[in-house]
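Chemist: When the letters of the sequence shown are read in order and numbered with the numbering used here, they come out as residues 454 to 1004.
Note that CB positions come from ideal geometry on N, CA and C, so glycine has one too.
All values derive from a computational prediction rather than experimental measurement.
Let me give you the structure first, and then I'll get to my questions.
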Amino acid sequence: MDTVFRDVRVVDGSGGPSYRADVALSDGRIAEIHRETDGGRRPGGAHLVDGHGLALAPGFIDMHAHSDLALLRDPGHEAKAAQGVTLEVLGQDGLSYAPVDDRTLAEVRVQITGWNGGAPGDATVDFDWRTVGEYLDRLDHGFGGEGIAVNAAYLVPQGTVRMLAVGWDDREATAGELARMKQLVAEGLAQGAAGMSSGLTYTPGMYARDAELTELCRVVARYGGYYCPHHRSYGAGALAAYAEMVTLTREAGCALHLAHATMNFGVNEGRAPELLALLDDALDAGADLSLDSYPYTPGCTTLAAMLPSWAGEGGPEAVLARLRDEATAARIRHAMEVAGADGCHGVPISWDTIEISGVCDPALAGFTGKTVARSAAERGEEPWATARRLLLDDRLGPTILQHVGHEDNVRRIMRHRVHTGGSDGILQGRKPHPRAYGTFPRYLGTYVRELGVLSLEECVAHLTGRPAARLRLADRGLVREGYRADLVLFDPETVAAGATFDAPRTLPRGIPHVLIDGRFVIEDGRRTQVLAGRSVRRTAPGRGEGQPDRG
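Okay, structure coming up:
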């Protein structure tokens, strides 16, 4: 045996009772599980690790990650590796970097630079791919051909697909454009994507009508993938937006995974039971449905995402032109502050809830860590003037924390039977949301040990076995003989998120060992030089559905 963990508490990812055992690894897989009740010979190995006091679980799966460029820029990637994350799902919210052509790549790089960096002129990543398959190949070969820090799956981003086929117009797609979008989605799935994502409060994906989305979901269903929408409202129209996605995917026969599912803003305080009832009714009627959430109340996105959808027509340069024009800027302000822009989920914006978390231009760093209202007061101007100035000077780059969540809603949703964990972690900016570095240890430390919202066994299942099932991974997500040795060892009594809103890049405590394919990515609490991550690809029909590829 290569490695043996002696006397560990196995929390196997199924939700069943934990048990004590010796666990032996060989050739990247779990070779033997010897329970303390079995008696007889204990397995030996070249590397013995004393697991007394530690829990052994499958590696955590981040169902909503924004590490699309970080995995190619940062070989250490401690933000996720140190949390015990061994697989991230990329391509979220309908916007990412494949499939693209030269024009679309330039546009999307500007649009989501606040999420990922990578603005035009940023040479830290060589954008030498155009298709989904080429992007996944790039992940496989990583740094000098060695690979990347953790494994990664990918969703075809519907907004980027629409950018390619239709452009930035708010209109129905023509028959030819719809056929092109269906072809692009099919190609991405055939090349290994796990499904399709949407960002239905982000341009241009939000311009898609339900009939268009239904047709794309039919393609996803044919390939055995799932649809992951950031739906049309988390605010005034939240329940209707959830119901829209359930109805749409039921009609298409497509599995549904609801991204960062929550109920935010004052209009939704205490309304999580209504959402859960809607989901339970759909599940009872046969829907294939799951969701993810992060264990925090504030959200995180870009400041530009708060703009009304009509302001986004034409792409980033058109947005900037509208912001420069006084009359158009006044219309945008009215939509945001009075009417409730669709970009802000139909709720009039409160500038004292919008905290700048990052900017691209270092000269604007003084705005970070402050609400727009506070910065405006310091400058002796109205909040809209400050927000407009930031959007123009940073070329739509600012990211924000949006303090609009409710703790009771967060706790109720995380208990649900189809819940999984997703960080939605944006790694850019001077003061990012701490969920990027703290989501998984926060679940275990705060919501299991301190608050008892979930048992340890339940929580681990939410973070491992359940998301692996959604991704249709046949050999990950459980501690089972023959499964890949993607594993995390943590101390249930001390595990905790180190990241806070004041110090968001602090690493967690109580997670001494993390392994991918049986190789130590974190050993004795320190990042090793191992780059064991690869793309995890959905296998095309006819090749054994659900058997993940390794590049």
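Residues in its own chain within less than 7 angstroms of arginine 883 by CB, not counting five upstream and five downstream?
Modeler: So the qualifying residues of the chain are Gly811, Ala818, Thr821.
Chemist: Under the three-state reduction of DSSP, which class applies to tyrosine 655: helix, strand or coil?
Modeler: Looking at tyrosine 655 - three-state DSSP - the assignment turns out to be coil, as it is neither helix nor strand.
Chemist: With H, G and I counted as helix, E and B as strand and the rest as coil, what does DSSP make of isoleucine 853?
Modeler: Of the three classes helix, strand and coil, the one that applies to isoleucine 853 here is strand, per DSSP.
Chemist: For arginine 996, which of helix, strand or coil comes out of DSSP?
Modeler: Low confidence applies to arginine 996: its pLDDT is 36, below 50, so where it sits in the model is not reliable, and the reading given next is rough at best. Three-state DSSP puts arginine 996 in coil, outside helix and strand.
Chemist: In chain order, what residues of the same chain have a beta carbon less than 7 angstroms from the beta carbon of valine 791, not counting five sequence neighbours either side?
Modeler: So the list reads Pro801, once near-sequence residues are dropped.
Chemist: Which same chain residues end up closer than 6 angstroms to aspartate 460 when comparing Cβ atoms and leaving out the 5 residues on each side of it in sequence?
Modeler: Taken in chain order, the residues that qualify are Gly504, His505.
Chemist: Among Ile969, Arg987, Ala771, Leu845, which one has its Cα closest to the Cα of alanine 535?
Modeler: Answer by Cα proximity: Ile969.
Chemist: Touch check for the segment 568-575 and the segment 923-930: three-plus C-beta pairs under 8 angstroms?
Modeler: With the cut-off at 8 angstroms, the segment 568-575 and the segment 923-930 do not touch.
Chemist: Can you tell me whether aspartate 939 is buried or exposed, with buried defined as 16 or more other CB within 10 angstroms of its CB?
Modeler: Looking at its Cβ environment, which holds 16 or more other Cβ atoms inside 10 Å, aspartate 939 is buried.
Chemist: State the start and end residues of the unbroken beta strand (DSSP E) segment that holds threonine 577.
Modeler: No beta strand (DSSP E) holds threonine 577; DSSP gives it neither H nor E.
Chemist: Closer than 7 angstroms by C-beta to isoleucine 879: which residues in its own chain qualify, once you throw out the five before and the five after it? Chain order, please.
Modeler: Taken in chain order, the residues that qualify are His519, Trp568, Cys753, Thr852, Pro885, His886, Ala889.
Chemist: Measuring CA to CA, which of Leu731, Ser471, Thr456, Leu844 is closest to serine 908?
Modeler: The residue with the shortest Cα to Cα distance from serine 908 is Ser471.
Chemist: Thinking just about the alpha-carbon of each residue, which of Tyr896, Val901, Asp877, Ala956 is nearest to the one in leucine 447?
Modeler: Because the chain is modelled from 454 through 1004, residue 447 falls outside the range shown and cannot be assessed.
Chemist: At what residue ranges does the segment 650-729 contain a whole run of the beta strand (DSSP E), taking only runs of 3 or more?
Modeler: Within the segment 650-729, the complete beta strand (DSSP E) runs of at least 3 residues are 679-683, 708-711.
Chemist: Start and end of the alpha helix (DSSP H) containing tyrosine 890?
Modeler: Note, tyrosine 890: alpha helix (DSSP H), 888-895.
Chemist: Straight-line CA distance for arginine 708 to methionine 659?
Modeler: In the sequence as presented, arginine is not what sits at residue 708; that position holds alanine. Approximately 20 angstroms, taken between the alpha carbons.
Chemist: Need the endpoints of the alpha helix (DSSP H) that cysteine 912 sits in, please.
Modeler: Segment 909-916, the alpha helix (DSSP H) holding cysteine 912.
Chemist: What is the rounded straight-line gap between the Cα of arginine 624 and the Cα of serine 479?
Modeler: Rounded to the nearest angstrom, the two C-alpha atoms are 56 angstroms apart.
Chemist: For the alpha helix (DSSP H) holding tyrosine 607, just list the boundary residues, first then last.
Modeler: Counting along the chain, tyrosine 607 falls outside any alpha helix (DSSP H), though it belongs to the beta strand (DSSP E) covering 604-610.
Chemist: Spell out a yes or no on whether the segment 763-777 and the segment 837-846 are touching, meaning 3 or more CB-CB pairs, one atom from each, closer than 8 angstroms.
Modeler: The answer is yes - the segment 837-846 touches the segment 763-777, with three or more Cβ pairs under 8 angstroms.
Chemist: The ligand PLP and leucine 984: does any heavy atom of the ligand fall closer than 7 angstroms to the residue's C-beta?
Modeler: Among the components modelled here there is no ligand, and therefore nothing to report on the ligand PLP.
Chemist: Valine 863 lies in the beta strand (DSSP E); which residues open and close that run?
Modeler: No beta strand (DSSP E) holds valine 863; the alpha helix (DSSP H) holding it covers 860-867.
Chemist: Judging by CA-CA distance, which residue of Pro496, Arg675, Gly529 is the nearest neighbour of alanine 484?
Modeler: Residue Pro496 is the option with its Cα nearest to alanine 484.
Chemist: Who are the near neighbours of glycine 586 in its chain, counting only those whose CB is closer than 7 angstroms to its CB and skipping five residues on each side?
Modeler: Answer for glycine 586: Gln644, Gly645, listed in chain order.
Chemist: On the three-state DSSP scale, how would you describe phenylalanine 458?
Modeler: Reduced to three states, the DSSP call for phenylalanine 458 is strand.
Chemist: Excluding sequence positions up to five away, which residues of its chain have a Cβ less than 6 angstroms from the Cβ of glycine 1004?
Modeler: Only weak support exists for where glycine 1004 lies, its pLDDT of 35 falling under 50; the value from the coordinates is given anyway. Counting only Cβ-Cβ distances below 6 angstroms, and skipping sequence neighbours, we find Asp593, Arg987, Ser988.
Chemist: Less than 8 angstroms between the beta carbons of glycine 874 and threonine 715, yes or no?
Modeler: No, they are not a contact pair.
Chemist: Can you give me the C-alpha to C-alpha distance between proline 961 and cysteine 681, rounded to a whole angstrom?
Modeler: The straight-line gap from Cα to Cα measures roughly 28 angstroms.
Chemist: Helix, strand or coil for tyrosine 747, going by three-state DSSP, please let me know.
Modeler: Of the three classes helix, strand and coil, the one that applies to tyrosine 747 here is coil, per DSSP.
Chemist: Among Ala816, Ile809, His684, Cys813, whose alpha-carbon lies nearest the alpha-carbon of arginine 827?
Modeler: For the residues Ala816, Ile809, His684, Cys813, the minimum Cα distance to arginine 827 belongs to Ile809.
Chemist: In the DSSP assignment, find the unbroken alpha helix (DSSP H) run with isoleucine 785 in it and report its ends.
Modeler: Isoleucine 785 -> alpha helix (DSSP H) spans 779-787.
Chemist: Would you mind reading off the limits of the beta strand (DSSP E) that contains glycine 752?
Modeler: Here the beta strand (DSSP E) through glycine 752 covers 752-755.
Chemist: Within its chain, find whatever has a CB closer than 6 angstroms to the CB of alanine 694; leave out the 5 residues flanking it on each side and keep chain order.
Modeler: His684, Arg685, Ser686.
Chemist: Is the beta carbon of valine 673 closer than 8 angstroms to that of methionine 649?
Modeler: Against a cut-off of 8 angstroms, the Cβ pair of valine 673 and methionine 649 comes out as a contact.
Chemist: If you drop the 5 nearest sequence neighbours on each side, which residues of the same chain put their C-beta closer than 7 angstroms to that of valine 913?
Modeler: Val464, Gly466, Ala510.
Chemist: So, for glycine 997: in the same chain, excluding its five sequence neighbours on each side, which residues have a beta-carbon less than 6 angstroms away from its beta-carbon?
Modeler: Reliability of the predicted coordinates at glycine 997 is poor, the pLDDT of 33 falling under 50, and no value is obtained from them.
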